[in-house]
Every structure is written in C-alpha cells, then in structure tokens.
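Here is the structure we will look at.
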Amino acid sequence: MTTLAKYIFLVITLTFMSCEDVIDLDLPAAAPRLVIEASLDWEKGTLGNEQTIKLSLSKPYFDADGITAVIGSSVKVTNDTDGTVFVFIDQNNGLYTTDSFIPILNQSYTLEVIHNGDTYIAHETLMPVVDIQDVRQSLEGGDDDEALDVTIYFNDPIAETNFYLLKFKEQGDLFPALFDLKDEFTNGNQMSAYFEKFNDEESDEEEFVSGDVVDIQFYGVSQQYYNYLHILIGQLNSGGGPFGSTPVGLKGNCLNTSNPSKTAFGYFRLTQVVQTSYIFQ
-8 MTTLAKYIFL VITLTFMSCE DVIDLDLPAA APRLVIEASL DWEKGTLGNE QTIKLSLSKP
52 YFDADGITAV IGSSVKVTND TDGTVFVFID QNNGLYTTDS FIPILNQSYT LEVIHNGDTY
112 IAHETLMPVV DIQDVRQSLE GGDDDEALDV TIYFNDPIAE TNFYLLKFKE QGDLFPALFD
172 LKDEFTNGNQ MSAYFEKFND EESDEEEFVS GDVVDIQFYG VSQQYYNYLH ILIGQLNSGG
232 GPFGSTPVGL KGNCLNTSNP SKTAFGYFRL TQVVQTSYIF Q
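Letter 177 of the sequence shown, counting from 1, is numbered 168 in the working numbering, and no numbers are missing.
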C-alpha cells in the first residue's frame, strides 16, 4: 500500500470513528395515568370466587425503573341485576383481591375504582365459552408444511354470535401468542385455530420439536372486548413494516367520570375460560 493510500485510509477511518456520537432524544413526558388491569376470568370447573385487580401508574417509555404500584384506592365490582357488591381489598402492593366473587354467565357487572379523588367506571358482561373438542399436531395446518403446528378444534354454538380470545404459550417463553376469533362466517360449525413457530435467528425463535409443551387458554369474550383486542393484536403483529397496521390511540372501557380528559389505560373484562396443555410427539 502506498504512503498516499495509507494516509487516505487513516483519514477515512478517523472520520467514521468521530461520527459515533450518542444522541439523547428529548421526548415529551406526559403525566402518569392510572393503569387498570381488571381481568376477571372464570375457569370452567372452578368456583371463580378468587379474583385480582391490579392498579399501577404509566411511565415514560425510557424509564427503566420498576412498575409504580397504586395503593390506597377503592375498588369494587357490582352485579348490575341484584346489586351485589364485591369489594376488592388493597394488598398494599398494587393488587386488590376478593375471595367472594360470584360469576354468572351472561350477567353484566360494573367496575368502580376511586383513585386520588377521581372515579373510574367500566361495564362488561361475563361471556361463556365452549369446550375444546380436540387438540392435534400436524405439518399441514400451518404456513410451513415442514414445521410442526398445534391446532385446537371446537364447536361454535348456532343460536348466537360468539367472540373468542385464544392464547398459545410455549413453556419457557416470556409472552403468549394472541388470536382473536369470531364466528361471522362459521356460525354453528366446527372451528379451529392453529399455532406455528418458525426458525428465526434474530428473535431466537425455533420451530416446535418433540417434547415441547404448549399451554392453551381459550376465552369467551364480549363484542366490545373483541373489537379492542382486534386493534391491539393488529398493532402487536404489525412489526413496524411499511404494510403494518397504522398505530392508533387504543382506549379501554374504564372511563373517568370525574375528569373525562384524564382517561385510564387498561380494560375491565369478564370471561369464562378453558385451559389445556399439549406435548408435541
């Protein structure tokens, strides 16, 4: 390499090295808002009396501190037909619990949360779910005919419109895969849904192999919760690509009746759920 070439190479190298500056983004910080995680799920075959509601505060995107638990609030759920009130006791860690809830299918309930002088109200109906008829593995059900998938089968009721939430989670994974389903075009017929994984070095995801265990949760949900889920799942799966879902403000059903502009995040849902697990052969 000539002396001139060495000099040019050194200048280019130093130039690129000098460009490695850390950029601090000055993002606008919104005031913390109440986050209400009120999922009252009644598993078939249980009493459903033990329920938990979690309250916390929202945080800035780059805040690395832990979740800010909300304590000292008033939380209760009321049966809208007979007026029975179920008080959720503050556990001083952001969790509010009861062991006296009475789940009734197709019954509407009202959630009331009082926090810092503001009253949050939400309405929801406890929806039933059908049983899972069968769980099978195959190579044909998914998008890749060389990758194993797991499929559940269930019989949709014919006399009503139904909406479902389905969770698949391989044991050891951090998060489940979520699917929203409705019987608009399959009312009264057998329905199915499959879960398949692909080899992906970037996400460390691997295809299913013999011995893998998948936990499955199948929920009956209301139409309004289905609409909320449909937007949420669409945004989660968009991946940020050019053809992904356009991000929109996602509002739950917990309304601040004291100060409507100060809305809460989260959702009050009531569901019946069936659970099972599948071991790949």
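Positions of the beta carbon are idealized from the N, C-alpha and C atoms, including for glycine.
So, with DSSP's three-state summary, where would you put residue i?
i    : result
I224 : helix
Q263 : strand
N218 : helix
G211 : strand
R127 : strand
S201 : coil
L1   : Its pLDDT being 41, under 50, L1 is placed unreliably in this model, and the value from its coordinates should be taken loosely. In the structure shown, L1 sits in a helix (DSSP, three-state: H, G or I).
F77  : strand
N244 : coil
E193 : coil
G163 : coil
G179 : coil
L46  : strand
N146 : strand
L206 : Sequence inspection shows Asp at residue 206; the Leu mentioned does not correspond to that position. In this structure, D206 counts as strand in the three-state DSSP scheme.
L117 : coil
A60  : strand
F275 : Since the first residue of the chain shown is -8 and the last is 272, residue 275 is not available in this structure.
F36  : The sequence shown places Gly at residue 36, not Phe. Reduced to three states, the DSSP call for G36 is coil.
Residue i: buried (16+ other C-beta within 10 angstroms of its C-beta) or exposed?
i    : result
V104 : buried
E115 : buried
G63  : exposed
E161 : buried
T6   : Residue placement at T6 is flagged as unreliable, the pLDDT there being 46, under the threshold of 50; a coordinate-derived value is accordingly withheld.
A150 : exposed
V204 : exposed
I213 : Sequence inspection shows Ser at residue 213; the Ile mentioned does not correspond to that position. Flag for S213 reads buried.
L227 : exposed
G57  : exposed
L102 : buried
If you drop the 5 nearest sequence neighbours on each side, which residues of the same chain put their C-beta closer than 8 Å to that of residue i?
i    : result
E137 : L130
N250 : D109
D195 : none
T75  : T69, I93
K253 : R24, D109, N247
Excluding five sequence neighbours on each side, which residues of the same chain lie with their C-beta closer than 6 Å to the C-beta of residue i?
i    : result
S30  : R260
Q263 : W33, P119, V120, G211
K35  : V265
When the distance is taken between beta carbons, is residue j closer than 8 Å to residue i?
i    : j    : result
Y144 : I27  : no
V120 : D147 : no
F154 : P167 : no
L156 : L165 : no
G39  : F79  : no
N70  : Q98  : yes
I44  : V66  : yes
Y219 : G243 : yes
D171 : I224 : yes
F271 : G202 : yes
D206 : S268 : yes
Indicate, with yes or no, if the ligand ZN has a heavy atom lying under 7 Å from the CB of residue i.
i    : result
Y258 : The ligand ZN is not part of this structure, which contains no ligands at all.
Looking only at its own chain, which residues have a Cβ that is under 7 Å from the Cβ of residue i, when we skip the five neighbours before and after it?
i    : result
V61  : L25, L46, S47, L48, G85, H106
Q208 : K158, V264, Q266
E198 : A138, L139, K188, F189, N190
T183 : Position check: residue 183 holds Ser in this sequence, whereas Thr was assumed. Cβ neighbours of S183 beyond the five flanking positions: T142, I143, Y144.
F77  : K67, V68, T89, S91, F92
T72  : Q98
H221 : D171
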